[in-house]
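The block underneath contains the structure these notes are about, expressed in structure tokens.
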Amino acid sequence: MKGGVKVPLTRLMIKNFKSIKHCDISLSELNVLIGENGTGKTNLLDAIDYFYRNLTNSDISLDVFDENNRFSNEVRIALTYDLSEFVKISKSNTEDSLDFNQEEPTEQSRYNGYYKEIISIASKSPNKKVCVELVQIKGRAIRWNYSYEERFIFKSLFPVFYIDTRNLDVTEWEHIWDILGDLAKVSNSERKNIAEKINEVLLDRSHETSKKLKIISDIFEKANVNVKPAMAKDFATLLAKTYFSGHNIQQKGRHLNYYSTGTNSVKYIELLLQSIDALSRIKMKEPLVLFDEPEISLHTSYLDELSEAIIGVNSKLSILVSTHSSRLTKNLITSSDRINLYNVKLIDRYSSIYRMKKFPLYSPASKYRVADDHINAYFSKVNLFVEGETELELFSNPYLRILFPQLKRVDVFKAVSDKPVLNIMSPKLTNSQVPYICLIDVDKAISYDKNKKRLALKREYFPKNKNERFRYRNKHEHEPYLYFQRKRIDAMQNKLHVHYSLPFLSCSDPNYHAFISAVQQYLLAYNIFCLSTTIEGALINDVTIGFAFEFLKKRSQQDDFEKFNLYWDGLSKNKKINFLRILFNGKSDLLKSEKNLKSVDDNLKKILDKIGIGDKTSGWVSDYLDCFFQTVTQMGDSFSEKNFARYLEDESRKKKLLEVFEKNFFELYSLMEILCDIINKE
Numbered sequence: 120m121k122g123g124v125k126v127p128l129t130r131l132m133i134k135n136f137k138s139i140k141h142c143d144i145s146l147s148e149l150n151v152l153i154g155e156n157g158t159g160k161t162n163l164l165d166a167i168d169y170f171y172r173n174l175t176n177s178d179i180s181l182d183v184f185d186e187n188n189r190f191s192n193e194v195r196i197a198l199t200y201d202l203s204e205f206v207k208i209s210k211s212n213t214e215d216s217l218d219f220n221q222e223e224p225t226e227q228s229r230y231n232g233y234y235k236e237i238i239s240i241a242s243k244s245p246n247k248k249v250c251v252e253l254v255q256i257k258g259r260a261i262r263w264n265y266s267y268e269e270r271f272i273f274k275s276l277f278p279v280f281y282i283d284t285r286n287l288d289v290t291e292w293e294h295i296w297d298i299l300g301d302l303a304k305v306s307n308s309e310r311k312n313i314a315e316k317i318n319e320v321l322l323d324r325s326h327e328t329s330k331k332l333k334i335i336s337d338i339f340e341k342a343n344v345n346v347k348p349a350m351a352k353d354f355a356t357l358l359a360k361t362y363f364s365g366h367n368i369q370q371k372g373r374h375l376n377y378y379s380t381g382t383n384s385v386k387y388i389e390l391l392l393q394s395i396d397a398l399s400r401i402k403m404k405e406p407l408v409l410f411d412e413p414e415i416s417l418h419t420s421y422l423d424e425l426s427e428a429i430i431g432v433n434s435k436l437s438i439l440v441s442t443h444s445s446r447l448t449k450n451l452i453t454s455s456d457r458i459n460l461y462n463v464k465l466i467d468r469y470s471s472i473y474r475m476k477k478f479p480l481y482s483p484a485s486k487y488r489v490a491d492d493h494i495n496a497y498f499s500k501v502n503l504f505v506e507g508e509t510e511l512e513l514f515s516n517p518y519l520r521i522l523f524p525q526l527k528r529v530d531v532f533k534a535v536s537d538k539p540v541l542n543i544m545s546p547k548l549t550n551s552q553v554p555y556i557c558l559i560d561v562d563k564a565i566s567y568d569k570n571k572k573r574l575a576l577k578r579e580y581f582p583k584n585k586n587e588r589f590r591y592r593n594k595h596e597h598e599p600y601l602y603f604q605r606k607r608i609d610a611m612q613n614k615l616h617v618h619y620s621l622p623f624l625s626c627s628d629p630n631y632h633a634f635i636s637a638v639q640q641y642l643l644a645y646n647i648f649c650l651s652t653t654i655e656g657a658l659i660n661d662v663t664i665g666f667a668f669e670f671l672k673k674r675s676q677q678d679d680f681e682k683f684n685l686y687w688d689g690l691s692k693n694k695k696i697n698f699l700r701i702l703f704n705g706k707s708d709l710l711k712s713e714k715n716l717k718s719v720d721d722n723l724k725k726i727l728d729k730i731g732i733g734d735k736t737s738g739w740v741s742d743y744l745d746c747f748f749q750t751v752t753q754m755g756d757s758f759s760e761k762n763f764a765r766y767l768e769d770e771s772r773k774k775k776l777l778e779v780f781e782k783n784f785f786e787l788y789s790l791m792e793i794l795c796d797i798i799n800k801e
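Numbering-wise (the working numbering), the sequence shown opens with residue 120 and increments by one.
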């Protein structure tokens with residue numbers, strides 16, 4: 120959007136309107152409301168529409184009261200307008216600047232009282248901003264804090280246009296003609312001159328039309344009826360239709376019915392916005408435009424076109440857009456600095472509106488990385504941010520999603536390892552109020568120096584700033600134990616000397632595992648679920664070691680596996696677990712992968728080269744889980760998603776399977792419990 124910083128409509132306050140118990144938000148030139156279906160975005164637009172429907176008329180409804188509390192009997196809606204621009208115009212057009220020697224009053228002088236009234240209204244506020252409030256109590260008429268005449272001025276200066284695309288006939292564009300008529304309104308003197316010119320042409324007796332008009336006039340006269348002169352706007356509309364020799368709008372010479380709903384919709388909105396934009400530039404008007412889900416029926420390319428149309432209007436408009444489209448949201452927030460983004464959530468059956476932070480402000484580099492999928496995080500029920508493809512593959516496993524159906528309401532994003540991308544989506548930074556969990560491998564939080572046999576805390580999750588840990592003593596913190604937990608972790612890190620076993624850097628030191636547990640508890644308070652090793656380590660542990668061994672055997676050549684098995688037999692259980700994790704592209708206890716291993720003999724190198732599971736995108740995770748569920752359920756060749764779902768219809772079977780899953784994948788089960796708890800609270 121273009122122009123200065125002045126905003127026509129600066130503030131919106133709503134109390135007890137339908138699902139909105141309390142709303143008090145500031146408005147910019149462009150305001151975007153996002154959120155799930157049923158959260159109350161449309162109710163916010165309806166409140167503004169209801170305000171305007173009753174501004175100079177009476178259109179009272181009893182359906183506007185708090186729908187959750189039948190004892191609530193008062194609705195309040197208040198809009199704050201900025202009259203500063205209109206005061207400037209009015210002062211330059213008052214009597215002081217007029218020539219009183221003229222015999223006939225000019226059009227300018229006729230509006231003199233109108234201008235003075237605007238100045239008078241604005242003078243009551245030092246900043247020329249006025250708050251107009253509607254108050255409705257059950258069983259009573261609506262009360263206003265301004266007179267009818269003053270409200271009429273507000274409606275004229277700040278007209279509203281509500282476009283509900285769900286109920287819009289995009290082949291019927293008569294509403295466009297109404298706006299164009301308002302745009303083309305002429306003064307009384309101009310209208311008089313135009314009428315005289317038309318009469319000269321139409322009543323010229325040399326034209327056949329003159330005779331036909333005389334017949335029509337005689338018919339009216341005999342019937343003793345007459346035609347009431349059209350109002351200024353209607354006259355201008357008729358004039359415009361006469362100029363174009365018709366009123367049926369076409370595209371490229373074809374009727375609108377020829378084109379798709381999406382094509383007509385975007386063209387309708389474009390023409391509408393351009394008409395309102397022109398109206399605001401030519402007339403004393405600063406319109407308010409409300410869009411409810413304008414993306415309906417629009418292809419991606421049309422969404423881009425719609426975004427350009429919205430951004431391209433001048434700054435005298437206030438636009439509110441309610442949308443579910445990540446594409447539209449992305450286009451708007453990356454193209455305009457003059458935007459307010461609000462997330463609407465339903466909490467305890469009431470709509471809560473949160474203003475989100477704009478990521479270009481706290482992470483400028485992120486602006487050029489944003490994609491549609493990133494913005495989807497703003498619309499989620501719950502977000503799970505993960506490191507890479509392996510995690511994405513795991514959480515998209517159909518059998519896991521059948522066992523934990525709540526996962527269908529969790530959106531999983533690959534973002535943890537890409538800070539600019541995580542900045543775009545992070546609810547903590549954007550204030551989107553979407554519950555989230557970040558899943559990380561432990562090597563994101565700590566590192567191990569083999570030479571010093573010491574652990575180090577990584578700054579990303581454990582800043583070196585000494586003041587950081589003391590903020591947990593702040594009275595606003597709900598969990599003061601974090602302060603002591605952080606001190607404990609620091610002390611353990613300083614004193615702990617870890618012993619390991621070669622060649623995989625295996626570690627069975629209980630002090631080390633106590634340290635990892637402390638780190639996990641601490642980070643979870645930050646919504647960070649830290650695995651004790653890696654995602655591969657969560658799948659391959661001391662319980663699943665036998666299953667992982669058999670799974671590897673099925674995927675290996677017999678000769679290669681026999682060599683592996685000979686080496687395997689000579690290992691302790693702890694080394695076996697670490698060996699398997701490395702073969703499955705994971706890391707050992709002390710966070711070493713295959714490429715980081717040193718002092719490895721040639722025989723082991725050959726085994727690692729031959730027996731490995733493949734790269735991280737080989738699909739082994741899905742196969743691993745599929746094979747696990749097939750083995751546990753003993754379904755054999757009949758194993759399928761459909762049959763698995765039927766198998767779990769038996770509650771006793773489902774309970775047993777959940778117990779087995781918890782035993783075998785205890786870290787993943789803990790994460791699932793947290794996600795399910797979040798979903799159940801929503």
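A virtual CB, placed ideally from N, CA and C, is assigned to each residue, including glycine.
None of the values given here were measured: they were computed from a predicted structure.
Contact under 7 Å by Cβ, Pro406 with Leu436: yes
Length of the line joining the Cα atoms of Ile664 and Arg700: 10 Å
Through-space distance from Gly159 to Gly232, alpha-carbon basis: 41 Å
Bridge-paired residues (DSSP) for His141: Lys134
Three-state secondary structure assigned by DSSP to Glu579: coil
Beta bridge counterpart(s) of Lys248 as assigned by DSSP: Asp201
Backbone secondary structure at Arg772 - three-state DSSP: helix
Which residues DSSP lists as bridging Leu407, in chain order: Val279 and Ser437
Cα-Cα separation, Val126 to Phe190: 37 Å
Touching by the beta-carbon criterion (3+ pairs, under 8 Å), the segment 175-193 and the segment 384-399: no
Own chain residues within Cβ distance below 7 Å of Glu223, not counting five before or after: Because Glu223 carries a pLDDT of 48, less than 50, the predicted location of this residue cannot be relied on, and no value is offered for it.
Residue interval of the alpha helix (DSSP H) (run including Met611): Tyr600 to Lys614
Tyr518 beta carbon less than 7 Å from that of Phe748: yes
Gln255 burial status per 10 Å Cβ neighbour count (16 or more: buried): buried
Residue closest to Asp568, alpha-carbon to alpha-carbon, out of Lys341, Ser691 and His618: His618
Ile565 to Asp283 span [Cα, whole Å]: 53 Å
Burial state of Asp201, where buried means 16 or more other Cβ atoms lie within 10 Å: buried
Buried versus exposed, by CB contacts within 10 Å (16 or more), Asn286: exposed
Rounded straight-line distance, which links the Cα of Ser627 to that of Lys533: 32 Å
Segment limits, alpha helix (DSSP H) that includes Asn462: It is not in any alpha helix (DSSP H) - Asn462 instead sits in the beta strand (DSSP E) that spans Ile458 to Ile466.
Range of the contiguous alpha helix (DSSP H) that encloses Cys746: Trp739 to Thr752
Among Asn312, Ile208 and Lys134, the one whose alpha carbon lies nearest that of Ile401: Ile208
Straight-line gap, Gln612 to Gln604 (C-alpha atoms, nearest Å): 12 Å
Option nearest Leu398 by Cα separation, candidates Ile237, Glu155, Phe280 and Leu541: Phe280
Among Ile313, Lys577 and Ile196, the one whose alpha carbon lies nearest that of Asn162: Ile196
Under 7 Å between C-beta atoms of Leu174 and Lys247: no
Endpoints, beta strand (DSSP E) assigned at Asn502: Val501 to Val505
Short Cβ contact (7 Å threshold) for Leu392 with Ala349: no
Local conformation of Tyr267 per DSSP, three classes: helix
Own chain, CB closer than 8 Å to Asn762, minus 5 neighbours either side, in chain order: Met754
Same chain only: Cβ atoms within 8 Å of Asn799, ignoring 5 sequence neighbours per side: Gln525
Buried or exposed by the 16-neighbour rule on C-beta atoms within 10 Å, applied to Ser329: exposed
Exposure label - Pro241; buried when at least 16 CB within 10 Å: Inspection of the sequence shows that residue 241 is occupied by Ala rather than by Pro. It is buried - the Cβ of Ala241 has at least 16 other Cβ atoms within 10 Å.
Buried versus exposed call for Gly154 [16 or more other C-beta atoms within 10 Å across all chains shown]: buried
Distance, Ile472 Cα to Lys464 Cα: 7 Å
Sequence-distant residues of the same chain with beta carbon closer than 6 Å to Met791, five excluded per side: Phe523
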